[in-house]
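K.L.:
Numbering (the working numbering), first residue to last: -11 to 148.
Built from N, CA and C at the ideal position, the CB exists for glycine as well.
Please read all numbers here as calculations on a predicted model, not as lab measurements.
Structure incoming, see below.
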Amino acid sequence: MSDWPEAVERVSAFLRESGAEARIEEFSVETATAAAAADAVGCDVGEIVKSLIVLCDGRPVLALVPGDRRGDLDKIARAAGATQARVAHAREVPALTGFAPGAVAPFPLERFDRALIERVLLARAELWIGAGSTRHMAVLPTRELVRLTKAAPADLISPD
(Lines of atoms letter the chains of each structure in order from A and count residues from 1; the text may use other names and numbers.)
(Lines give C-alpha, C1' and ligand atoms only; values in the text may rest on other atoms or scores of the structure.)
Protein backbone atom coordinates (compact mmCIF):
# COMPACT_ATOMS: atom_id res chain seq x y z
CA MET A 1 0.00 0.00 0.00
CA SER A 2 1.35 3.41 -0.98
CA ASP A 3 1.18 6.69 0.89
CA TRP A 4 0.61 8.58 -2.34
CA PRO A 5 -2.47 10.78 -2.79
CA GLU A 6 -5.50 9.15 -4.42
CA ALA A 7 -5.00 10.97 -7.73
CA VAL A 8 -1.39 9.74 -7.97
CA GLU A 9 -2.56 6.21 -7.17
CA ARG A 10 -5.05 6.52 -10.04
CA VAL A 11 -2.25 7.47 -12.44
CA SER A 12 -0.04 4.68 -11.08
CA ALA A 13 -2.82 2.10 -11.51
CA PHE A 14 -3.45 3.28 -15.08
CA LEU A 15 0.25 2.94 -15.92
CA ARG A 16 0.42 -0.56 -14.37
CA GLU A 17 -2.76 -1.76 -16.11
CA SER A 18 -1.52 -0.37 -19.44
CA GLY A 19 1.81 -2.17 -19.11
CA ALA A 20 3.50 1.19 -19.54
CA GLU A 21 7.22 1.70 -19.36
CA ALA A 22 7.11 4.60 -16.87
CA ARG A 23 8.29 5.71 -13.45
CA ILE A 24 6.57 8.03 -10.97
CA GLU A 25 8.75 10.12 -8.68
CA GLU A 26 7.81 12.16 -5.63
CA PHE A 27 9.57 15.48 -4.99
CA SER A 28 10.02 17.51 -1.83
CA VAL A 29 9.16 20.70 -3.73
CA GLU A 30 6.15 21.80 -5.74
CA THR A 31 6.20 20.99 -9.46
CA ALA A 32 3.03 22.86 -10.46
CA THR A 33 4.79 24.93 -13.15
CA ALA A 34 6.98 23.67 -15.97
CA ALA A 35 9.97 25.65 -14.67
CA ALA A 36 9.56 24.30 -11.13
CA ALA A 37 9.14 20.77 -12.48
CA ALA A 38 12.29 21.05 -14.60
CA ASP A 39 14.25 22.34 -11.59
CA ALA A 40 13.00 19.47 -9.41
CA VAL A 41 13.67 16.82 -12.05
CA GLY A 42 16.96 18.30 -13.25
CA CYS A 43 16.03 18.48 -16.90
CA ASP A 44 15.42 21.04 -19.64
CA VAL A 45 12.01 22.79 -19.46
CA GLY A 46 11.34 21.48 -22.98
CA GLU A 47 11.30 17.92 -21.57
CA ILE A 48 8.36 18.81 -19.31
CA VAL A 49 4.95 18.31 -20.89
CA LYS A 50 2.15 20.71 -20.05
CA SER A 51 -1.25 19.01 -20.16
CA LEU A 52 -3.49 21.84 -21.31
CA ILE A 53 -7.21 21.33 -20.87
CA VAL A 54 -8.87 23.16 -23.73
CA LEU A 55 -12.57 23.40 -24.47
CA CYS A 56 -12.98 23.19 -28.25
CA ASP A 57 -16.52 24.07 -29.27
CA GLY A 58 -17.38 23.10 -25.69
CA ARG A 59 -15.73 19.64 -25.86
CA PRO A 60 -12.74 18.93 -23.60
CA VAL A 61 -9.51 18.31 -25.52
CA LEU A 62 -6.11 17.44 -24.07
CA ALA A 63 -3.31 19.44 -25.70
CA LEU A 64 0.21 18.28 -24.81
CA VAL A 65 2.77 21.04 -25.31
CA PRO A 66 6.41 21.53 -24.27
CA GLY A 67 6.96 23.28 -20.95
CA ASP A 68 9.03 26.00 -22.60
CA ARG A 69 6.35 26.96 -25.13
CA ARG A 70 2.83 28.39 -25.12
CA GLY A 71 -0.15 26.64 -26.65
CA ASP A 72 -1.82 28.50 -29.50
CA LEU A 73 -5.60 28.28 -29.07
CA ASP A 74 -6.34 28.89 -32.77
CA LYS A 75 -4.01 26.05 -33.77
CA ILE A 76 -5.46 23.76 -31.10
CA ALA A 77 -8.99 24.51 -32.29
CA ARG A 78 -8.07 23.76 -35.91
CA ALA A 79 -6.30 20.53 -34.95
CA ALA A 80 -9.39 19.47 -32.97
CA GLY A 81 -11.71 20.29 -35.86
CA ALA A 82 -13.33 23.09 -33.87
CA THR A 83 -14.06 26.73 -34.57
CA GLN A 84 -13.45 28.03 -31.03
CA ALA A 85 -11.15 27.10 -28.18
CA ARG A 86 -10.50 28.36 -24.69
CA VAL A 87 -8.39 27.11 -21.83
CA ALA A 88 -10.53 25.56 -19.11
CA HIS A 89 -10.90 27.75 -16.04
CA ALA A 90 -9.16 26.51 -12.89
CA ARG A 91 -12.56 25.81 -11.31
CA GLU A 92 -13.52 23.59 -14.29
CA VAL A 93 -10.33 21.49 -14.32
CA PRO A 94 -11.16 19.13 -11.40
CA ALA A 95 -14.62 18.31 -12.79
CA LEU A 96 -13.22 17.67 -16.27
CA THR A 97 -10.09 15.74 -15.29
CA GLY A 98 -10.32 14.53 -11.70
CA PHE A 99 -7.08 16.42 -11.01
CA ALA A 100 -6.37 19.77 -9.36
CA PRO A 101 -4.97 22.61 -11.48
CA GLY A 102 -1.18 22.31 -11.61
CA ALA A 103 -1.43 18.54 -11.01
CA VAL A 104 -3.15 17.37 -14.20
CA ALA A 105 -1.91 14.07 -15.58
CA PRO A 106 -2.61 13.27 -19.23
CA PHE A 107 -4.38 10.06 -18.16
CA PRO A 108 -6.73 8.62 -17.20
CA LEU A 109 -9.09 11.24 -18.61
CA GLU A 110 -12.45 9.53 -19.02
CA ARG A 111 -14.38 12.59 -20.26
CA PHE A 112 -11.97 13.22 -23.16
CA ASP A 113 -12.27 11.71 -26.61
CA ARG A 114 -9.53 13.80 -28.18
CA ALA A 115 -5.84 14.31 -27.38
CA LEU A 116 -3.26 16.24 -29.37
CA ILE A 117 0.52 16.37 -29.00
CA GLU A 118 2.80 19.12 -30.26
CA ARG A 119 5.05 17.68 -32.98
CA VAL A 120 8.29 19.04 -31.48
CA LEU A 121 7.78 16.76 -28.47
CA LEU A 122 8.08 13.73 -30.75
CA ALA A 123 11.80 14.45 -31.20
CA ARG A 124 12.44 13.80 -27.48
CA ALA A 125 13.32 10.28 -26.34
CA GLU A 126 11.52 10.66 -23.02
CA LEU A 127 9.30 13.20 -21.36
CA TRP A 128 8.17 14.19 -17.88
CA ILE A 129 4.46 14.59 -17.19
CA GLY A 130 2.32 15.55 -14.22
CA ALA A 131 1.28 12.49 -12.22
CA GLY A 132 -1.70 13.67 -10.21
CA SER A 133 -0.27 16.00 -7.56
CA THR A 134 1.97 19.05 -7.48
CA ARG A 135 4.76 16.92 -5.98
CA HIS A 136 4.61 13.91 -8.30
CA MET A 137 5.91 13.56 -11.85
CA ALA A 138 6.21 10.58 -14.17
CA VAL A 139 8.87 9.99 -16.80
CA LEU A 140 8.20 7.82 -19.81
CA PRO A 141 9.34 7.29 -23.38
CA THR A 142 7.62 9.67 -25.79
CA ARG A 143 6.20 6.72 -27.76
CA GLU A 144 4.50 5.52 -24.54
CA LEU A 145 2.93 8.94 -23.95
CA VAL A 146 1.51 8.89 -27.47
CA ARG A 147 0.26 5.31 -27.05
CA LEU A 148 -1.39 5.93 -23.70
CA THR A 149 -3.07 9.21 -24.65
CA LYS A 150 -3.80 8.23 -28.27
CA ALA A 151 -2.64 11.76 -29.07
CA ALA A 152 -2.55 12.94 -32.66
CA PRO A 153 0.54 14.96 -33.63
CA ALA A 154 -0.19 18.57 -34.60
CA ASP A 155 1.27 22.08 -34.65
CA LEU A 156 -0.07 23.47 -31.36
CA ILE A 157 2.40 26.12 -30.17
CA SER A 158 2.77 29.85 -30.61
CA PRO A 159 5.70 30.97 -32.75
CA ASP A 160 7.18 33.17 -29.99
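Counting only runs that start and end within the stretch 59 to 86, where is the alpha helix (DSSP H) found for 4 or more residues in a row?
P.N.:
61 to 67, 81 to 85
K.L.:
Tell me the rounded alpha-carbon separation between V(-4) and A88.
P.N.:
As a position in the sequence shown, residue -4 is number 8, starting the count at 1. As a position in the sequence shown, residue 88 is number 100, starting the count at 1. Distance between V(-4) and A88, taken at the CA atoms: about 11 angstroms.
K.L.:
If you drop the 5 nearest sequence neighbours on each side, which residues of the same chain put their C-beta closer than 7 angstroms to that of T130?
P.N.:
In the sequence shown, counting from the first residue as 1, residue 130 sits at position 142. These residues qualify, in order along the chain: L109, L110, R112, A113, E114, L115.
K.L.:
By the 10 Å Cβ neighbour count, where 16 or more other Cβ atoms means buried, how is S0 classified, buried or exposed?
P.N.:
Locating residue 0 in the sequence shown gives position 12, where the first residue counts as 1. With 16 or more other Cβ atoms within 10 Å, it is buried.
K.L.:
Return the Cβ separation of S39 and P96 in integer angstroms, given the expectation that the two are a contact with Cβ distance under 8 angstroms.
P.N.:
The residue labelled residue 39 in the question sits at position 51 within the sequence shown. The residue labelled residue 96 in the question sits at position 108 within the sequence shown. The Cβ separation is near 12 angstroms, so there is no contact.
K.L.:
For my contact list, E13 and E132 are in at a C-beta cut-off of 8 angstroms; report their separation, rounded to the angstrom.
P.N.:
Position 25 of the sequence shown, counted from the first residue, corresponds to residue 13. Position 144 of the sequence shown, counted from the first residue, corresponds to residue 132. So it is not a contact: roughly 16 angstroms between Cβ atoms.
K.L.:
Ends of the alpha helix (DSSP H) at L3?
P.N.:
The residue you call residue 3 lines up with position 15 of the sequence shown. Per DSSP, L3 belongs to the alpha helix (DSSP H) from -6 to 5.
K.L.:
Keeping to the same chain, check which residues put their C-beta closer than 7 angstroms to that of V33; ignore five residues upstream and five downstream.
P.N.:
Numbered from its first residue, the sequence shown carries residue 33 at position 45. These residues qualify, in order along the chain: A22, A23, A26, G55, D56.
K.L.:
Based on Cα-Cα distance, which residue from E5, V75, V37, S121 lies nearest to W(-8)?
P.N.:
On the sequence shown, position 4 is the one that residue -8 refers to. W(-8) has its Cα closest to that of S121, out of E5, V75, V37, S121.
K.L.:
Please report the distance separating the alpha-carbon of L128 from that of V17.
P.N.:
What you label residue 128 is simply residue 140 of the sequence shown in a count that begins at 1. What you label residue 17 is simply residue 29 of the sequence shown in a count that begins at 1. Cα to Cα, L128 sits roughly 21 angstroms from V17.
K.L.:
Among G90, L43, R66, which residue has its Cα nearest to the Cα of R99?
P.N.:
Taking the sequence shown and counting its residues from 1, one reaches residue 99 at position 111. Ranked by Cα distance from R99, the options G90, L43, R66 are led by L43.
K.L.:
Enumerated in chain order, which unbroken segments of the beta strand (DSSP E) with a length of 3 residues or greater are wholly contained in the stretch 85 to 111?
P.N.:
103 to 106
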